[in-house]
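Here is the structure we will look at.
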Amino acid sequence: GCSLWAPLDILTTMLSNFFFCLLSAVKLYLLGFRVLLAQLSNKPLRLPVMPRQDGKVAIVTGGGRGIGYEVVRHLARLGTHVIIGGRDEQEGLAAVRRICEEHKEAKVEFRKLDLASLQSVRQFTKSFKERDLPLNILINN
Numbered sequence: 813g814c815s816l817w818a819p820l821d822i823l824t825t826m827l828s829n830f831f832f833c834l835l836s837a838v839k840l841y842l843l844g845f846r847v848l849l850a851q852l853s854n855k856p857l858r859l860p861v862m863p864r865q866d867g868k869v870a871i872v873t874g875g876g877r878g879i880g881y882e883v884v885r886h887l888a889r890l891g892t893h894v895i896i897g898g899r900d901e902q903e904g905l906a907a908v909r910r911i912c913e914e915h916k917e918a919k920v921e922f923r924k925l926d927l928a929s930l931q932s933v934r935q936f937t938k939s940f941k942e943r944d945l946p947l948n949i950l951i952n953n
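For my numbering, add 812 to where a residue sits in the sequence shown, where the first one is 1.
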């Protein structure tokens with residue numbers, strides 16, 4: 813039965829597994845460091861220039877603030893007709909005002925939309941379809 817070497821075998825296996833994991837973690841860390849150095853040595857990231865989007869229609873949910881607002885601003889600057897869908901009407905209308913003040917030719921509007929309410933989604937969809945506009949861009953923020 814019982815071997816006196818069993819605890820030593822267990823300890824050896826544990827140490828072997830530990831060093832294997834440690835070596836893997838160090839390799840991953842060094843790879844990440846190498847990627848970071850490569851990124852830092854390159855020129856600053858330049859976003860691609862997007863062409864004008866005149867005649868295109870976009871719906872941006874949550875476009876009244878934050879990232880959604882910045883997306884709406886950018887699309888409006890490119891000539892896109894943007895419809896902001898959001899729950900907070902006051903916030904949405906304020907966003908429309910700010911963007912239209914910044915870009916006089918902007919075509920931006922707000923429509924009430926609560927994605928948590930199927931009835932609200934249906935009403936939003938129905939009113940959009942009635943306008944017979946194409947939908948070229950949909951951003952669910």
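Here a beta-carbon is modelled for each residue, glycine too, at the ideal position from N, C-alpha and C.
Three-state class that DSSP yields for threonine 824 in the structure shown: Taking the sequence shown and counting its residues from 1, one reaches residue 824 at position 12. Threonine 824: helix per DSSP, three-state reduction.
Residues near leucine 969 in its chain [Cβ-Cβ closer than 7 angstroms; skip 5 each side]: Here the chain comprises residues numbered 813 to 953, so residue 969 is not present and cannot be evaluated.
Element boundaries [alpha helix (DSSP H), containing threonine 937]: Along the sequence shown, one-based indexing puts residue 937 at 125. Start and end: 930-942.
Glycine 874 (DSSP reduced to helix, strand or coil): Translated into the one-based positions of the sequence shown, residue 874 becomes position 62. In the structure shown, glycine 874 sits in coil (DSSP, three-state: anything other than H, G, I, E or B).
Length of the line joining the Cα atoms of histidine 886 and arginine 923: Sequence index remark: in the sequence shown, residue 886 carries index 74 (1-based). Sequence index remark: in the sequence shown, residue 923 carries index 111 (1-based). Cα-Cα distance, rounded: 19 angstroms.
Outcome for glutamine 865 when other beta-carbon atoms lying within 10 angstroms are tallied against a minimum of 16: Position 53 of the sequence shown holds residue 865. Result: buried.
Proximity to alanine 907 [Cα-Cα], best of Ala837, Leu930, Gly880, Gly891: Counting from 1 along the sequence shown, the entry for residue 907 is found at position 95. Nearest option by C-alpha distance: Gly880.
Exposure label - valine 884; buried when at least 16 CB within 10 Å: The residue you call residue 884 lines up with position 72 of the sequence shown. So valine 884 ends up on the buried side.
Proximity test, isoleucine 949 beta-carbon vs the ligand ADP heavy atom, cut-off 8 angstroms: Among the components of this structure there are no ligands whatsoever, and the ligand ADP is therefore not found.
Serine 929 versus glycine 891: straight-line alpha-carbon distance, rounded: Counted from its first residue, the sequence shown places residue 929 at position 117. Counted from its first residue, the sequence shown places residue 891 at position 79. Looking at the two C-alpha atoms, the distance is approximately 31 angstroms.
C-alpha gap between isoleucine 822 and cysteine 833, whole angstroms: Numbered from its first residue, the sequence shown carries residue 822 at position 10. Numbered from its first residue, the sequence shown carries residue 833 at position 21. Taking the straight line joining both Cα atoms gives about 17 angstroms.
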